[in-house]
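Residue numbers (UniProt numbering): 1 to 142.
All C-beta atoms in this analysis are idealised placements derived from N, C-alpha and C, irrespective of residue type, glycine included.
Notes for the one structure printed next.
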């Protein structure tokens with residue numbers, strides 16, 4: 001296994017984990033749900049997603065994990081293969097943009113910094129997005 005496969009594999013497992021936790025929340029799970037949505041202040045969330053909205057987030061995360069797994073060589077879906085280089089570059093951009101943030105509630109340049117979400121975003125979510133973006137770039141170009 002080379003460094004590309006290792007990095008794509010790590011990213012696939014990360015996104016699979018993110019997908020699984022979103023499926024858990026979509027089907028009624030409560031663990032961890034209080035500190036993963038952007039908050040205006042300590043009492044008010046920016047939005048509260050429905051189970052269907054949460055499912056609509058879980059499915060793309062699962063698809064992204066499959067794309068990374070294909071890049072790692074774990075599987076070979078012919079429908080993905082011709083688009084894989086473009087998909088990977090688009091995903092680099094998506095994760096890099098998420099890491100930079102919206103300049104208000106999420107990302108490295110957020111303004112709201114003292115909520116439970118903001119603390120978790122600074123410690124976990126934003127660095128994870130930055131890691132995925134950078135590791136993808138390394139895996140693509142090595």
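Contact belief for residue i with residue j at Cβ below 8 Å, rounded distance in angstroms
{"i": "residue 22", "j": "residue 54", "result": "6 Å"}
{"i": "residue 119", "j": "residue 7", "result": "28 Å between Cβ atoms; not a contact."}
{"i": "residue 103", "j": "residue 109", "result": "5 Å"}
{"i": "residue 214", "j": "residue 51", "result": "Given a span of 1 to 142 for the chain in the structure shown, any question on residue 214 remains unanswerable."}
{"i": "residue 42", "j": "residue 115", "result": "6 Å"}
Contact check, residue i vs residue j, beta carbons under 9 Å
{"i": "residue 99", "j": "residue 127", "result": "yes"}
{"i": "residue 111", "j": "residue 122", "result": "no"}
{"i": "residue 92", "j": "residue 140", "result": "yes"}
{"i": "residue 72", "j": "residue 5", "result": "yes"}
{"i": "residue 129", "j": "residue 95", "result": "yes"}
{"i": "residue 16", "j": "residue 62", "result": "yes"}
{"i": "residue 105", "j": "residue 3", "result": "no"}
Assigned secondary structure, residue i (DSSP; H/G/I helix, E/B strand, else coil)
{"i": "residue 142", "result": "coil"}
{"i": "residue 137", "result": "helix"}
{"i": "residue 17", "result": "helix"}
{"i": "residue 23", "result": "helix"}
{"i": "residue 2", "result": "coil"}
{"i": "residue 7", "result": "helix"}
> Is the stretch 130–138 in contact with the stretch 90–109, if contact means three or more CB pairs nearer than 8 Å?
Replying inline: yes
> Do the stretch 27–43 and the stretch 59–79 meet, that is, are 3 or more Cβ pairs less than 8 Å apart?
Replying inline: no
>> Ignoring anything shorter than 3 residues, give me the beta strand (DSSP E) runs that lie fully in the stretch 40–115, in order along the chain.
In response: none
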